[in-house]
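For this note's numbering, count along the sequence shown from 1 and bump the result up by 112. Heads up, the beta-carbon is just placed ideally off N, CA and C, and yes, glycines get one too.
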Amino acid sequence: MTENHSNHTDNPRVLTGITTTGTPHLGNYVGAIRPAIKASQSSDVDSFLFLADYHAMIKSHEPEKIHQSSMEIAATWLALGLDPEQVTFYRQSDVPEIMELSWILTCWTAKGLMNRAHAYKASVRANEANNDDADFGITMGLFSYPVLMAADILMFNGQQIPVGRDQIQHVEMARDIAQRFNHHYGPHFALPEAVIDDNVAVLQGLDGRKMSKSYNNTIPLFETEKKLKKSINKIKTNLLEPGEPKDADDSTVFQIWHAFASAEQSADMRQQFAGGIAWGEAKQCLFELINQELAQPRQRYAELIANPAAMEAILAAGADKARAVTVPKLAEIRSAIGIRPMGA
Ligand code: TRP
């Protein structure tokens, strides 16, 4: 593979994007952010992490929400210790080569492949269930977003793609598109693979279902200490009285405790449940445990949100690092498809 490696090593490339819709919550932290930051600290991979702001347009046409979410997500990752020196941290929209590649790949993507995308099919099914036209409310952005995601990945020769289960199909589509392209033009793209971490917890929300924005049961990651305490008090429990033994495995309070606790703290709390700890006390312990882990990042988060220029500077440096890869890569791809200077 011909590529300019300035700024980067030959380590495997780990790449993932975060769509800039919504405010990060504890479930995002435990399930995605914390493990990704930890993985990015390893020196035997090259990590690429980006704000997928053009992807946000698929879900939202509200400028203020997209903007606010970009700020919050950037501040969240930085506050939690993502090191922009060690990782290539950038905003998708700052790297225009991705959008150019997206068109090139669109011309190599079978429409039938996109027809099979789960996210698109789910929208069609929802329309049919409502007796609406099958295409009602479906934009070309939603339909072809796996192509943009392929461009995100292939542009950087991303190899390991940590994603949630719902995104596995998209990574496989990116691989499929890369194979078709390589078959025709030669080996230009690395073939990406989804990486699913089975050890990370899927956190339960206030009502005991999976914590998710769509269930409206989340605990925001950096709400104030007071609000955090309030949220934790809202976690649904059963009606067992203090002194009555409680089943740790059937409790959201314990499930969240477990995601933040050491093995020892976990075992200890399990015993306290069996011994009949009061819900109020268990929740107070949970608040203290979470708060201890988040108090400092919360402070850094507030500082970052108050200083957007500092975040801009970090993202500008990230875009430079990213474009050191994408500018030569796109030149290579354009030349491969026959778009090159006259006579070259
Ligand atoms: N579509 C992904 C999601 O909704 C986010 C994303 C965009 C992404 N581009 C990516 C993830 C490239 C991995 C690689 O979660």
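With fewer than 16 neighbouring CB atoms inside 10 Å of its own CB, Arg237 falls in the exposed class. Per DSSP, the unbroken beta strand (DSSP E) holding Arg203 starts and ends at Thr200 to Arg203.
In this structure, the C-beta of Val275 approaches ligand 1 to less than 7 Å from one of its heavy atoms.
With a beta-carbon spacing of about 7 Å, Leu161 and Ala148 fall inside the 8 Å limit used to define contacts. Under a 10 Å Cβ-count criterion, Phe385 is classified as buried, with 16 or more other Cβ atoms of the shown protein chains found around its own Cβ. Fully contained in the segment 156-242 are the following alpha helix (DSSP H) runs of length 4 or more, in chain order: 165-171, 175-191, 208-218, 223-227 and 230-241. In this structure, the straight-line span from the alpha carbon of Gln180 to that of Pro196 is close to 21 Å. Looking at the DSSP output, Ala302 shares a beta bridge with no other residue. The alpha helix (DSSP H) runs of length 4 or more contained entirely in the segment 363-421 are, from start to end of the chain, 364-372, 375-386 and 391-417. The shortest CA-to-CA distance from Pro440 to any of His167, Thr200 and Ile210 is the one to Ile210.
Runs of the beta strand (DSSP E) lying entirely within the segment 267-294 and spanning at least 3 residues, in chain order: 272-274.
When DSSP states are grouped into helix, strand and coil, Arg446 belongs to the helix group.
If you draw a straight line from the Cα of Ala262 to the Cα of Val283, it is about 7 Å long. Out of Lys342, Thr364, Leu254 and Thr336, the CA that lies nearest to the CA of Ala229 is found in Leu254. In this structure, ligand 1 has no non-hydrogen atom nearer than 7 Å to the beta-carbon of Ile449.
Judged by beta-carbon spacing, Ala246 lies beyond the 8 Å limit of Met423, meaning their Cβ atoms are not closer than that value.
Here Lys233 is exposed: its Cβ has fewer than 16 other Cβ atoms, across all protein chains shown, within 10 Å. A heavy atom of ligand 1 is found nearer than 7 Å to the CB of His167.
Out of Tyr327, Ser343 and Leu163, the CA that lies nearest to the CA of Phe399 is found in Ser343. Counting along the chain, Leu340 sits inside the alpha helix (DSSP H) bounded by residues Glu337 to Asn345. Using a Cβ distance threshold of 8 Å, Leu401 and Phe366 do not count as a contacting pair.
With a contact defined as Cβ atoms closer than 8 Å, Arg125 and Asp158 qualify at about 5 Å. Contact between the segment 167-175 and the segment 307-315 is absent: fewer than 3 CB-CB pairs across the two stretches fall below 8 Å.
Taking C-alpha positions only, Ala428 is separated from Tyr202 by approximately 8 Å. Less than 8 Å divides the Cβ of Ala302 from the Cβ of Gln271. Here Pro136 has Ile145, Glu184, Ile185, Thr188, Pro332, Leu333 and Phe334 as same chain residues with Cβ atoms under 8 Å from its own Cβ, once five neighbours each way along the sequence are excluded. For Glu337 against Asn403, the beta-carbon gap comes to about 6 Å, under 8 Å, which counts as contact.
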